[in-house]
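Counting from 28, one number per residue, gives the positions in the sequence shown under the numbering used here. Idealized CB from N, CA, C, for every residue including glycine. It should be emphasised that the depicted structure is a prediction, and the values quoted were computed from it without experimental measurement.
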Amino acid sequence: MLALLLFSFAIVFVDQFVKVLVCAFLKPDGSLTVIDGLLYITYLENKGAAFGIFENARLFFIILTSAVIVALLFILKKTKIRSRLFLFAVALIIGGGIGNLIDRIFLGYVVDYIYVTFFPPICNFADYSVSLGVALLIVYLLFFHEKSGYAPK
Numbered sequence: 028m029l030a031l032l033l034f035s036f037a038i039v040f041v042d043q044f045v046k047v048l049v050c051a052f053l054k055p056d057g058s059l060t061v062i063d064g065l066l067y068i069t070y071l072e073n074k075g076a077a078f079g080i081f082e083n084a085r086l087f088f089i090i091l092t093s094a095v096i097v098a099l100l101f102i103l104k105k106t107k108i109r110s111r112l113f114l115f116a117v118a119l120i121i122g123g124g125i126g127n128l129i130d131r132i133f134l135g136y137v138v139d140y141i142y143v144t145f146f147p148p149i150c151n152f153a154d155y156s157v158s159l160g161v162a163l164l165i166v167y168l169l170f171f172h173e174k175s176g177y178a179p180k
């Protein structure tokens with residue numbers, strides 16, 4: 028459990044560190060080409076969720092994110108699931124969630140900066156962490172949960 032929390036906080040640290048750099052060097056309307064035609068670092072203030080939906084629903088997202096993080100921590104504490112895949116997925120979700128939660132609480136928006144041309148929305152490290160974590164959690168639940176012996180009867 029300690030390793031999981033340390034990994035989650037490493038995600039938060041990386042996310043917040045990169046956001047500080049992006050804000051310092053690219054705010055308000057800057058962009059940096061990493062790989063021309065493919066990858067750019069572009070400053071964006073996102074007041075909504077993915078793809079800018081539910082713009083200005085700050086309190087809703089603070090409550091929802093907090094509830095998901097608390098629920099995942101409760102599940103970790105109360106279950107005996109020790110699958111590395113499950114724990115890795117949960118750590119990614121918690122770390123990414125906290126990273127964006129910090130922005131919403133202290134800035135009122137989420138700092139996004141990763142623009143990949145084949146995936147048009149501008150995202151951030153925390154977004155990718157949550158997305159990967161959810162995808163891995165789905166894989167775990169669909170293919171490995173029953174095998175672990177902790178599936179509902």
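In this structure, does DSSP put residue i in helix, strand or coil?
i, result
"S58", "strand"
"F81", "coil"
"K105", "helix"
"A76", "coil"
"D63", "coil"
Can you have a look at residue i and say buried or exposed, based on whether 16 or more other CB atoms are within 10 angstroms of its CB?
i, result
"G123", "buried"
"V97", "exposed"
"I125", "buried"
"L99", "buried"
"D130", "buried"
"K46", "buried"
"F101", "exposed"
"L169", "exposed"
Please list the terminal residues of the continuous beta strand (DSSP E) segment that includes residue i.
i, result
"I68", "L66 to N73"
"D139", "V137 to V143"
At which residues does the alpha helix (DSSP H) containing residue i begin and terminate?
i, result
"I121", "R111 to F133"
"I38", "L29 to L53"
"I149", "Run containing I149: none in the alpha helix (DSSP H); it sits in the beta strand (DSSP E), F146 to C150."
Between residue i and the rest of its own chain, which residues show a CB-CB distance below 7 Å, the 5 nearest in sequence each way excluded?
i, result
"V61", "Y67 and I68"
"D63", "none"
"I165", "none"
Kindly list the residues whose CB is nearer than 8 Å to the CB of residue i, restricted to its own chain and excluding five residues on each side of it in sequence; keep chain order.
i, result
"K180", "Low local confidence applies: a pLDDT of 40 at K180 is under 50, so the model's placement there is unreliable, with the coordinate-based value given in what follows. Same-chain partners within the cutoff: there are none."
"V49", "I68, Y70, V138 and Y140"
"Y167", "S110, L112, F113 and A116"
For residue i, which residues of its own chain have a beta-carbon under 6 Å away from its beta-carbon, when the five flanking residues on both sides are left out?
i, result
"L65", "T144"
"V39", "G122, I125 and G126"
"D42", "G126, F152 and A153"
Do three or more CB pairs link the segment 139-147 to the segment 83-93 at distances below 8 Å? no
Decide yes or no for the touch test of the segment 44-58 against the segment 158-165: beta carbon pairs closer than 8 Å, at least 3 of them. no
Below 8 Å, can you find three or more Cβ-Cβ pairs linking the segment 108-121 to the segment 65-82? no
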